[in-house]
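Residue numbers for the sequence shown follow my numbering, beginning at 937 and rising by one.
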Amino acid sequence: MRSIVLFVFCCLPSFAAELTTVDVCIYGGTSGGVIAAVEAARLGKKTVLIESTQRLGGMSSGGLGMTDNGSTETIGGLSREFYQRVYQFYRKPENWRFQKREDYLSWLPKIWGVDGPRMEEIQAQFLFEPRAAKAVYDDMVREAGAQVVFGERLDLKNGVVKDGAKIKTIRMESGREFAAKVFIDASYEGDLMAKAGVKYIVGREANAQYGETLNGTFPFTPAPFPKISPYVVPGDPTSGLLPRVEPKPPAPKGSADHRVQAYNFRVCLTDIEDNRVPIEKPASYNPLDYELLARHIANMKNVKPGPRKHAAVGLRGNGGDLGINFELVPNRKTDSNCGSEFGTDMFGASYGWPEGDYATRDKLFQLHKDYTLGLLWFLGHDERLPAEVRTEMQRWGLPKDDFADTGHFPHQLYVREARRMISDYVITEHDAKGGPRAEDGVALASYPLDSHGVTLYVDEAGLLHRERGFYVGGFSAFPISYRSLRPKAGECSNLLVVSCLSSSHAAYGSVRMEPVFMMVGHAAGAAASIAVDQNLTVQDVPYSALRERLVAEKQILEGKARPPVSESKPAASMPPNEQIIADVKTLADKKIVESGDYWLSHAQKGQSCDGAQVASLLLKMAKNFDSSVQGTDDALKVLMAHKVLASPTYWNERATPGRTCGGDNVRAIIRNFARLASK
């Protein structure tokens, strides 16, 4: 019966010789994998979904409950159905165990364009507990009639049997085998794709490869942490570097390399005493793991608990959160992400994950887990932190009613990026920034291009740097090509790829969001069904038929057009007025800028300025007042003292590579500086 889902726990030797034959086999019970299975099963295909853990949903049921959705208007099809079902889950009074629904909705600030009233209007909810996501995914799979097999992992040595370009069977570590007409790799790592002989990349392409600006190595200069020594004994290089600090800079900016953006856990915390499991100190706790954070906090002012826009509370100082944030989801729980420098993002520990064997990944999983629990312990017990900070942190713990089978800690590490397929269509930042776009779109991406930090390193002078990620928005939603879901014809003819689809590192920063993975999974399930029905390779699935099906199922394939994004020349700048012409001339006279053209067109209302160029501008302005200034932090202090700017917070966050500053804000500091310099 299609209404019954089979939850099979595959750890018994009796499965060693078992063969399961289906129409569609999905490897990876991530959010995208679940939706692919639901789509294929609803279309009448005999479907099996294989998941290595005991839980469906990947990151969406693994702690990422504050959805990174970009524009909710682009989320359609089964992805939107998931969020609508979450909304219905929370319409039931019994699912509000520790909070009233009306209290949560009345508090909820606008996040990604959705607040309480908007949520009621669209009847879709994008903030949720892990248990809610799990319940919804379980229901969707059960109702569709897809078979689910838990606890199985692909044999990484002999796990794929092919006949030419076609996968015949895949084999698990236990020996259990699965045969299918079409396979879908929905894992975050792309193991099935790789073992099937499909070409892929790990790490970052050079900017030159696709003519991009955000790809490749991304060193940040000048040193953002001139007051934080990277050595075990401060100031003593002979004592050795602190954990995860590399001894030299990466390659020149824009170069290709093997590094992968940092992973972390999206930890679910609660301050409800009846539902709280206290944080315990890990047996492997090493104080040196948190020494950089301790030194960073020592340089902050006003370190104390305080309110946050999307949070129940925050542990904060002038300069940001302390390690984590407390973004609030229902029932007084959090989706706690990396909240600051030296927080839960574990630099360097992700490099070995994408192509590591299971033993390697198990070690890295435990390393991230111990590090995260140790960080929470540090915030609650290290005596270098103010007593009120420690007291506040100790009020929070893991939830009793979530992740019961994994010690109330998330089952899923946030694998932000692993392998990426190289197919006939590689999505690049040009797709996002208004360049030529795919005409065979099967879903839309709308989140900013977003990559977390990659590397901590010291330069030749012994100064500590962070190789920053990037966060660049301002573009319209862009289509994801069907060709980016399937390999080149000669490599594999019956495989589709969801999470590790064909994209550059730069563009993957937008594509890698959970709602997009679900929409891509929807498209993969639909394409697999067409391939089965018409006995086609995945390369020969007619786009017209796929598009017709997706549109009928309310997938959104077209977004509102916006002007192309240009980092050097905005599409519609206003002619400069006499005042800014005079002010920029003052900058040139003082040798602050060589040419005023950039600032005349960008430093005005409605425009934006490149963060790296603004950082350089701030440094040169400060040196005009004090030639000994070194680094952005010192520059901001000098400019505050001279009343060029009022607060460093905005500029600390935005005047960095990969970010942008509002043109009117930059215009204001140019005006202030010119007024002072002219006296």
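Where is the CB? At the ideal position from N, CA and C, for every residue including glycine. Here the structure is a predicted model, which is why all the values come from computation and not from measurement.
Examine chain B for any beta-carbon lying closer than 7 Å to the beta-carbon of R1419, and answer yes or no. The structure shown contains no chain B, having only a single protein chain.
Going by Cα to Cα distance, which pick from A1548, G1001 and K1521 is closest to L1536? Start at 1 with the first residue of the sequence shown, and residue 1536 comes out as number 600. Taking only the C-alpha atoms, the option nearest L1536 is K1521.
Assuming A1582 contacts T1568 (C-beta within less than 8 Å), just tell me the rounded distance between them. Locating residue 1582 in the sequence shown gives position 646, counting from the first residue. Locating residue 1568 in the sequence shown gives position 632, counting from the first residue. That pair is no contact at about 16 Å.
Residue range of the beta strand (DSSP E) that T1596 falls in? Looking up residue 1596 in the sequence shown gives position 660. It spans T1596 to G1598 - the beta strand (DSSP E) in which T1596 sits, taken as one unbroken run.
Keeping to the same chain, check which residues put their C-beta closer than 8 Å to that of L1486; ignore five residues upstream and five downstream. As a working note, residue 1486 is residue 550 in the sequence shown. Closer than 8 Å at the Cβ level, and outside the excluded window around L1486, lie G1013, V1378, H1458, A1459, A1462 and L1493.
Using a 10 Å radius around the Cβ and a threshold of 16 neighbouring Cβ atoms, would you call Q1543 buried or exposed? The residue you call residue 1543 lines up with position 607 of the sequence shown. Answer is buried; the Cβ neighbour count reaches 16.
Based on the DSSP secondary-structure assignment, which residues constitute the bridge partners of D1621? This structure does not reach residue 1621, given that the chain is present from 937 up to 1615, and the question cannot be answered.
At what residue ranges does the stretch 1463 to 1493 contain a whole run of the alpha helix (DSSP H), taking only runs of 4 or more? Here the runs fully enclosed are 1479 to 1488.
Taking the CB atoms as reference points, tell me whether Y1026 and Q1059 lie closer together than 7 Å. By 1-based counting over the sequence shown, the position of residue 1026 is 90. By 1-based counting over the sequence shown, the position of residue 1059 is 123. No; because the gap between Cβ atoms is not below 7 Å, this pair is not in contact.
Could you please give me the residues that DSSP links to D1546 through a beta bridge? On the sequence shown, residue 1546 is found 610 positions in, with the first residue counted as 1. T1596, per the DSSP bridge assignment.
C-alpha gap between G980 and S1110, whole angstroms: Residue numbering aside, residue 980 sits at position 44 when the sequence shown is read from its first letter. Residue numbering aside, residue 1110 sits at position 174 when the sequence shown is read from its first letter. One C-alpha to the other measures close to 29 Å.
Ignore the nearest five residues each way along the sequence and tell me which others in F1453's own chain have a CB closer than 7 Å to its CB. Here residue 1453 refers to the residue found at position 517 when the sequence shown is read from its first residue. Hits under 7 Å: T966, S967, G968, V1434 and S1435.
Where does R1140 fall in DSSP's three states? Position 204 of the sequence shown, counted from the first residue, corresponds to residue 1140. In the structure shown, R1140 sits in a strand (DSSP, three-state: E or B).
Assign G1253 to buried or exposed, taking buried as 16 or more other Cβ atoms, counted over all protein chains shown, within 10 Å of its Cβ. As a position in the sequence shown, residue 1253 is number 317, starting the count at 1. Label assigned to G1253: buried.
State yes or no: is the C-beta of I971 within less than 7 Å of the C-beta of L985? Counting from 1 along the sequence shown, the entry for residue 971 is found at position 35. Counting from 1 along the sequence shown, the entry for residue 985 is found at position 49. Going by C-beta atoms, I971 is not nearer than 7 Å to L985.
Straight-line gap, G1259 to S1272 (C-alpha atoms, nearest Å): In the sequence shown, counting from the first residue as 1, residue 1259 sits at position 323. In the sequence shown, counting from the first residue as 1, residue 1272 sits at position 336. Cα to Cα, G1259 sits roughly 10 Å from S1272.
At which residues does the beta strand (DSSP E) containing K1117 begin and terminate? Your numbering for residue 1117 matches position 181 in the sequence shown. For K1117, the uninterrupted beta strand (DSSP E) run begins and ends at E1113 to D1121, by DSSP.
Apply the 10 Å Cβ neighbour rule to W1043 and answer buried if 16 or more other Cβ atoms are within range, or exposed otherwise. As a first step, residue 1043 must be located in the sequence shown, where it is residue number 107. Its Cβ having fewer than 16 others within 10 Å, W1043 is exposed.
Just to confirm, are S1191 and T1149 a CB contact at a threshold of 7 Å? Start at 1 with the first residue of the sequence shown, and residue 1191 comes out as number 255. Start at 1 with the first residue of the sequence shown, and residue 1149 comes out as number 213. Note that the C-beta distance between S1191 and T1149 is not below 7 Å.
Per DSSP, P1241 is paired with what? Residue mapping note: residue 1241 aligns to position 305 of the sequence shown, counting from 1. DSSP, once it has assigned bridges, lists L1251 as partnering P1241.
In the structure shown, what three-state DSSP assignment does N1560 receive? Numbered from its first residue, the sequence shown carries residue 1560 at position 624. Note: N1560 maps to helix in three-state DSSP.
Is the number of C-beta pairs between the stretch 1327 to 1335 and the stretch 1202 to 1216 that are closer than 8 Å three or more? yes
Hey, how far is the Cα of H1366 from the Cα of A1425? Stepping through the sequence shown from its first residue, residue 1366 is reached at position 430. Stepping through the sequence shown from its first residue, residue 1425 is reached at position 489. When rounded, the distance between both Cα atoms is 25 Å.
Could you tell me whether the stretch 1379 to 1397 touches the stretch 1465 to 1485, using the rule of 3 or more Cβ pairs below 8 Å? no
Collapsed DSSP secondary structure at Y1393 in the structure displayed: Counting from 1 along the sequence shown, the entry for residue 1393 is found at position 457. Residue state, collapsed to three classes: strand.
Whole angstroms is fine: what's the gap from A1323's alpha carbon to L1400's? The count along the sequence shown starts at 1 and reaches residue 1323 at position 387. The count along the sequence shown starts at 1 and reaches residue 1400 at position 464. So the alpha carbons of these two residues sit roughly 29 Å apart.
Other residues of its chain near D1225: CB distance less than 7 Å, five sequence neighbours each side excluded: Reading the sequence shown from its first residue, position 289 is the one you call residue 1225. Around D1225: P1179, Y1307 and G1310.
Starting from the C-beta of M937, find all residues in its chain whose C-beta is less than 6 Å away, skip the five residues before and the five after it, and write them out in chain order. For this step, residue 937 is matched to residue 1 along the sequence shown. Low confidence applies to M937: its pLDDT is 37, below 50, so where it sits in the model is not reliable, and the reading given next is rough at best. Within the same chain, M937 has no close Cβ partners at all.
Have a look at Y1350, P1186 and N1200 and flag the residue whose alpha-carbon is nearest the alpha-carbon of H1194. Within the sequence shown, the letter at position 258 stands for residue 1194. Check the Cα spacing between H1194 and each of Y1350, P1186 and N1200: the tightest is with P1186.
Going by beta carbon distance, what residues of the same chain come within less than 7 Å of L1349, once the five residues before and after it are set aside? Looking up residue 1349 in the sequence shown gives position 413. Cβ within range, chain order: Y1199, F1201, F1301 and H1304.
For Q1024 and R1448, I'd like the C-alpha separation in whole angstroms. Here residue 1024 corresponds to residue number 88 of the sequence shown, with the count starting at 1. Here residue 1448 corresponds to residue number 512 of the sequence shown, with the count starting at 1. Roughly 26 Å separates the two Cα atoms.
Does V1378 come out as helix, strand or coil in the three-state DSSP assignment? Taking the first residue of the sequence shown as 1, we reach residue 1378 at position 442. Correct three-state label for V1378: strand.
Using a Cβ-Cβ cutoff of less than 8 Å, which residues in the same chain neighbour L1620 once the five nearest sequence positions on both sides are dropped? An answer regarding residue 1620 cannot be provided, because it is not within the stretch 937 to 1615 covered by the chain.
L1385 and A1374 - do their beta-carbons sit closer together than 7 Å? Start at 1 with the first residue of the sequence shown, and residue 1374 comes out as number 438. Start at 1 with the first residue of the sequence shown, and residue 1385 comes out as number 449. Against a cut-off of 7 Å, the Cβ pair of L1385 and A1374 comes out as no contact.
Let me know if A1508 comes out buried or exposed under the rule of 16 or more other beta-carbons within 10 Å of its beta-carbon. Walking along the sequence shown from the start, residue 1508 turns up at place 572. Note that A1508 scores 37 on pLDDT, short of 50, meaning its location in the model is unreliable and no value can be drawn from it.
Going by C-alpha to C-alpha distance, which of Y1146, S1465, A1539 and E1530 sits closest to I1120? Walking along the sequence shown from the start, residue 1120 turns up at place 184. Checking every option, the nearest Cα to that of I1120 belongs to S1465.
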